[in-house]
Structures are given as C-alpha cells and as structure tokens.
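Taken in sequence, the protein lines are chains C and L. FYI, in our numbering the residues of the first sequence are 4 to 118. FYI, in our numbering the residues of the second sequence are 74 to 178. Built from N, CA and C at the ideal position, the CB exists for glycine as well. For clarity, every value in this text was computed on a predicted model and none was experimentally measured. Reviewing the structure listed below.
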Amino acid sequence: EAGVAQSPRYKIIEKRQSVAFWCNPISGHATLYWYQQILGQGPKLLIQFQNNGVVDDSQLPKDRFSAERLKGVDSTLKIQPAKLEDSAVYLCASSPSGGRGNEQFFGPGTRLTVL
Amino acid sequence: KNEVEQSPQNLTAQEGEFITINCSYSVGISALHWLQQHPGGGIVSLFMLSSGKKKHGRLIATINIQEKHSSLHITASHPRDSAVYICAARDQFYFGTGTSLTVIP
C-alpha cells in the first residue's frame with residue numbers, strides 16, 4: 004500500500020514570496036491533516052479535513068495560510084506571503100476517518116526555509 | 074506549560090541498554106500516540122493506546138490514565154533506534170517536543 008505522498012521535499016524561498024505544498028493521502032482515507040513542525044518542537048495541527056470539508060482550522064494563520072481539498076482526495080497548503088518564522092517542516096497525515104481511535108499515517112514532510 | 078511534557082529531552086545510550094522515555098499530559102484524552110521521527114522528518118506511528126500496555130518487538134508502551142502518564146521502553150537498544158520519539162495526546166492533537174535518542178554502538 005502506498006503511503007502518504009508529499010511534494011516538494013524541500014523548498015527555499017525569500018520572505019514575502021508565496022509557496023504551495025501538495026499532499027496525496029493514502030487511498031480511501033477520508034481524513035487529512037496538515038501540521039507545522041518548527042525545529043525543536045512537536046508538530047502543531049494547522050488544519051483537519053474530513054473528505055472535502057474543514058473540521059478544524061483553529062490554529063491556521065488565515066491571514067497568510069490557506070488550504071484546500073477540493074475533491075476530497077489530495078490537498079494543497081499555501082503560504083502567501085511567507086515570513087521568516089514560517090521556516091519549518093510541513094507534515095501531511097491521513098487516517099481512515101477522523102475518529103479518535105484511528106491512527107494517523109504521516110508523509111515525509113516538506114522542509115521550508117524562508118530567507 | 075505545555076499540555077504534553079516529555080522527558081528526558083535528549084538521551085544517549087550504549088547499544089544493548091534498556092531505555093525509558095516518559096510522557097506526562099495535563100489534558101483529558103481517549104488515546105495517546107507514540108511516534109518515531111527519523112532525521113529528514115519522516116514520522117512513523119509506533120503505538121496508539123488508551124489503557125494498559127502494548128508491545129511490538131523490542132518496543133513496549135504503557136499508559137496510566139489515572140496518573141496521566143505514559144512510558145515508552147526500548148529493550149536491547151540498537152543504533153538504528155536513534156531517532157526523535159514524540160508522544161501526542163490524540164484527541165486535541167497536543168504533541169510533546171520529543172526526546173532525541175542516540176544509541177552508540
């Protein structure tokens with residue numbers, strides 16, 4: 004079974020530029036998560052999708068971050084414009100459903116460096 | 074104060090040693106997740122548990138719901154166990170900052 008795919012794996016941009024990350028979850032997984040992991044810290048949930056609907060985006064900085072999952076399968080996370088403090092690994096995860104008993108499967112992450 | 078606290082933050086062990094990583098949480102949860110993160114960022118799920126104990130190979134995870142505490146044990150540690158181990162309170166997605174483990178041959 005293929006795992007969660009993310010691209011690109013690495014991205015370097017200058018502040019105030021825009022960037023987009025892509026995630027393809029495990030086939031059939033209804034729930035998709037985006038996390039931000041700053042160096043030395045644990046992951047922080049940015050947004051949770053159930054199919055193509057948003058379940059939780061309370062920690063998403065909506066003035067600059069946006070995410071969509073239009074067809075309920077793959078998802079994109081965008082930052083516009085980027086700030087220095089956005090330098091982090093952006094992790095995508097999926098699970099069969101959003102139920103609390105369900106395990107999450109993580110992608111390899113996209114390492115973003117903002118100069 | 075973080076909702077999920079791990080200790081120690083860094084741990085160096087000799088190959089073959091028994092290792093314990095601790096996780097305490099202050100929020101109510103229905104499950105706690107142990108994750109392993111290798112250099113390069115990839116995260117692998119090790120355990121998700123809501124009570125008692127789970128074992129997988131040389132890894133053992135325990136949880137005490139009343140005391141809001143969980144431990145991850147590694148028996149007969151090996152250099153390939155070197156990674157960051159993260160505990161997460163599943164419901165609210167609170168993550169610990171991780172324990173960086175280095176096992177020396």
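The beta carbons of tyrosine 38 (chain C) and glutamine 51 (chain C) sit no closer together than 7 Å. What threonine 170 (chain L) touches in chain C, judged by beta-carbon distance under 9 Å, is Gly43, Gln44 and Gly45, going in chain order. The three-state reading of DSSP puts arginine 12 (chain C) in coil, since its state is none of H, G, I, E or B.
Residue environment for histidine 129 (chain L): exposed (fewer than 16 other C-beta atoms within 10 angstroms of its C-beta). Per DSSP, reduced to three states, the secondary structure at aspartate 154 (chain L) is helical. Counting only Cβ-Cβ distances below 9 Å, leucine 80 (chain C) has no contacts in chain L at all, with the closest Cβ about 15 Å away. Between valine 7 (chain C) and leucine 115 (chain C) the beta-carbon gap is near 17 Å, outside 8 Å, which marks them as no contact. When only Cα atoms are considered, aspartate 60 (chain C) and glutamate 90 (chain L) end up about 42 Å apart.
Residues of the same chain with a CB within less than 6 Å of the CB of isoleucine 94 (chain L), apart from the 5 flanking positions on each side, are Leu145, Tyr158 and Thr172 in chain order. Here arginine 19 (chain C) is near proline 84 (chain C), since their CB atoms are less than 7 Å apart. The alpha-carbon of alanine 5 (chain C) is positioned some 8 Å away from that of serine 30 (chain C).
The stretch 40 to 73 of chain C contains, as complete beta strand (DSSP E) runs of 3+ residues, the segments 47 to 53, 56 to 59 and 68 to 71 (chain order).
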